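What follows is a set of notes on a single structure, which appears directly below.
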Amino acid sequence: MYEMSEFVVFILSHGRANNVYTLKSLRKHGYTGKIIFVIDNEDKTAQEYYDNFDDVEMFNKAEIALTFDEGDNFQDRRAIIYARNACFEIAKKRGYKYFIELDDDYTQFEYRIYSNKEQTPKYIYNLDNVFLALIDFYKKTNFATISMAQGGDFIGGKNNRMAKKPTLFRKCMNSFICSTDRPFNFVGRINEDVNTYVSKQNIGLLMGTIPFVALKQKTTQKNKGGMTDLYLDCGTYVKSFYTVMYSPSSCKVAPMGDKHKRLHHEINWNCAVPKLIKENLKK
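Add 1059 to a position in the sequence shown, counting from 1, and you land on the number used in my numbering.
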């Protein structure tokens, strides 16, 4: 197991200094460790973060933009990817080996372990121990990053594939456990999590989601600030097409949903990642 002193929670935030759900949720669910707010130098509400919170780290957006591929030639930097990539250097500067990147709009952390008798999510009271277990798993594997599941991963209840056969899956979104010893760059200004977990796994990096613990968050495009304005300006077609640009052989934009369809990325994992071949087939 690792020492809690090696680990820090980064809350990535912009323009929401007076509306940070994640901080309250972390404490309510039993996390007692270090929390650092990560903000950028283009946030007009930056002073409010310094006024409201004990530990705030500001990074230079324009400088970070030079360190990775944004996937376009626009000048709009209203995106979380800059903070995601900045966290590696911030952790190193602050002396932390392990960290988790969290958005600022989480309302709950849950256990998601289903049985024939019980399909109700269970409230997490000991988030310290959950983070300890996740880091312990991370240390013992070669994953570049791992994520907690999201509420939407379990739509359908007991008939959901994650309820029927819970297993680690390749999707890796929203929350990211990382290490300064395993650095990588997030790519693509918009849809950066999907762009990254598809394109990086395509070249052999391991990324995945642990299905037994999950987070819930405010509805995207209804919570003001953050990336809401950017999503509303671009729409889901442009958002999803970034991933097509990064992985055209395995990703396409397709309608998603039952009654109210919307355009969304669709990944063919059979074409997306390297395959393991049986040893007896070696020539």
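Just so you know, even glycine gets a beta-carbon here, dropped at the ideal spot from N, CA and C. All of these numbers come straight from a predicted model, not from anything done at the bench.
Buried/exposed call for residue i, threshold 16 Cβ in 10 Å
i, result
"M1060", "Note that M1060 scores a pLDDT of 48, beneath 50, so its modelled location is shaky; the value from the coordinates is reported in the next line. Exposed is the call here."
"P1333", "exposed"
"I1037", "No information on residue 1037 is available, as it lies outside the stretch 1060 to 1342 that the chain covers here."
"D1317", "exposed"
"D1252", "buried"
"L1125", "exposed"
"K1259", "buried"
"I1336", "exposed"
"L1340", "exposed"
Beta-carbon separation (whole angstroms), residue i vs residue j, contact threshold 8 Å
i, j, result
"I1094", "D1114", "7 Å"
"L1264", "F1243", "6 Å"
"V1272", "I1214", "In fact, because the Cβ distance is near 17 Å, the residues do not count as touching under 8 Å."
"T1081", "Y1165", "4 Å"
"V1257", "C1310", "6 Å"
"R1153", "A1203", "The Cβ separation is near 21 Å, so there is no contact."
"A1331", "N1261", "6 Å"
"V1097", "I1123", "Rounded, the Cβ-Cβ distance is 11 Å, inconsistent with contact."
"E1160", "F1235", "5 Å"
Closest residue to residue i among the options (Cα-Cα distance)
i, options, result
"D1162", "Y1109, A1142, K1156 and V1189", "A1142"
"L1191", "K1181, N1077, S1064 and Q1134", "S1064"
"G1089", "L1340, Q1167, T1104 and F1147", "Q1167"
"T1179", "K1217, N1188 and E1338", "K1217"
"I1326", "Y1301, N1339, F1112 and K1341", "Y1301"
"K1277", "V1189, G1210, E1338 and W1328", "G1210"
"K1087", "K1320, D1187 and N1339", "D1187"
"Q1134", "V1079, L1322 and E1101", "E1101"
"Y1197", "N1077, N1185, C1237 and K1181", "C1237"
CB of residue i within 9 Å of CB of residue j, strictly
i, j, result
"S1299", "N1233", "no"
"K1230", "D1212", "yes"
"E1116", "K1275", "no"
"D1099", "R1136", "yes"
"Y1156", "F1066", "A small correction: the amino acid at residue 1156 is Lys; Tyr does not occupy that position in the sequence shown. In contact: K1156 and F1066 (Cβ atoms closer than 9 Å)."
"E1129", "R1220", "no"
"A1150", "F1158", "yes"
"I1172", "L1227", "no"
"S1084", "Y1108", "no"
"S1306", "N1254", "yes"
"V1297", "H1324", "no"
"F1147", "T1295", "no"
3-residue-minimum beta strand (DSSP E) runs that sit fully inside the stretch 1202–1255, ordered along the chain: 1202–1209 and 1235–1238
Threshold first: 3 residues or longer. Then list the beta strand (DSSP E) segments lying entirely within the stretch 1298–1341, N to C. 1310–1315 and 1321–1326
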